[in-house]
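**Student:** Those sequence lines, one after another, are chains A and B. All the letters of the first sequence, read from the start, carry residue numbers 16 to 92 under the numbering used here. All the letters of the second sequence, read from the start, carry residue numbers 541 to 649 under the numbering used here.
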Amino acid sequence: MAMQAGEIEQLIKEAFPDAEIKITDLAGDNDHFAAMVTSSAFKGKTRVQQHQMVYDALKGRMGGVLHALSLQTAPKD
Amino acid sequence: MTAHDHITADIQENDVVLYMKGTPVFPQCGFSSTVVQILSNVGVKYKAVDVLKDAEIRQGIKEFSNWPTIPQLYVKGEFVGGCDILREMYEADELAPYFAEKGIATQNA
Chain A
16 MAMQAGEIEQ
26 LIKEAFPDAE
36 IKITDLAGDN
46 DHFAAMVTSS
56 AFKGKTRVQQ
66 HQMVYDALKG
76 RMGGVLHALS
86 LQTAPKD
Chain B
541 MTAHDHITAD
551 IQENDVVLYM
561 KGTPVFPQCG
571 FSSTVVQILS
581 NVGVKYKAVD
591 VLKDAEIRQG
601 IKEFSNWPTI
611 PQLYVKGEFV
621 GGCDILREMY
631 EADELAPYFA
641 EKGIATQNA
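1) Against chain A, does Ile578/B count as a neighbour if the rule is that its beta carbon must be under 9 Å from one of theirs?
2) Assess, as a yes-or-no matter, whether the stretch 574 to 586 of chain B is touched by the stretch 611 to 626 of chain B under the definition of 3 or more beta carbon pairs within less than 8 Å.
3) Going by alpha carbons, who is nearest to Lys602/B out of Ala549/B, Glu553/B, Asp555/B, Tyr559/B?
4) Using the Cα positions of Ala649/B and Tyr638/B, report the straight-line distance between them to the nearest angstrom.
5) For a contact defined as C-beta to C-beta under 8 Å, what are the partners of Asn606/B on chain A?
6) For Ala632/B, which of Ala595/B, Val582/B, Lys593/B has the nearest alpha-carbon?
7) Identify, in the order they occur along the chain, each residue of the same chain with its Cβ nearer than 8 Å to the Cβ of Ala83/A, setting aside the five sequence neighbours on each side.
8) What does Leu86/A reach in chain B if we use C-beta pairs closer than 7 Å?
9) Using a 10 Å radius around the Cβ and a threshold of 16 neighbouring Cβ atoms, would you call Gln612/B buried or exposed?
10) Just grab the DSSP bridge partners of Phe619/B for me.
11) Whole angstroms are fine: how far does the CA of Lys585/B sit from the CA of Asp594/B?
12) What residues are listed by DSSP as bridge partners for Tyr559/B?
13) How big is the Cα-Cα spacing for Phe619/B and Ser605/B?
14) Would you check if the distance between the CB atom of Ala50/A and the CB atom of Val80/A is smaller than 9 Å?
15) In angstroms with no decimal places, state the Cα-to-Cα distance between Ile547/B and Val557/B.
Printed below as a string of structure tokens:
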């Protein structure tokens, strides 16, 4: 099972409407992605909390249908 | 002993615990392998737990940390992060100072 990059972006966008999202398909197989997410929602949160927020937005897909999403998050001013 | 009890005991008894797929010598996943390499570059001693050997720990650690993926690193009972976070800390030269702050010896600092 795999996921489309657009689907990942849409789920993140739903949870963080102001987010800037850059998704890269690392292997061209719709299964290994890298995502860079910047949102004001991350302000004052630790890295672990920021990643947990994104995983929550993906509603359980991470570690399931989505095997490999290399994640980088940063707060936005 | 439940998986949660087991994890609690492990992270209390060992300063640094890495939950990973495979062993440090034969990692079974690229992400686990990356973290093994980072820890070895930093020169820190750790206990490795192979989650592929125990399905209950494999599922249990995800619930315990509220973190969906393996590897996971614990330092002094505190969840530090997975592969992405450790790589970010390592590349930002934050990892060795982090261990120092926690009072854990690193060989290559």
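Backbone N, C-alpha and C define an ideal beta-carbon position, used for all residues, glycine too.
**Tutor:** The answer reads as follows:
1) no
2) yes
3) Tyr559/B
4) With a pLDDT of only 48 at Ala649/B, under the threshold of 50, the placement of this residue in the model should not be trusted, and no figure is reported.
5) Gln67
6) Val582/B
7) Leu41, Asp46, His47, Phe48
8) Asp624
9) buried
10) Tyr614/B
11) 22 Å
12) Val589/B, Gln612/B
13) 7 Å
14) no
15) 10 Å
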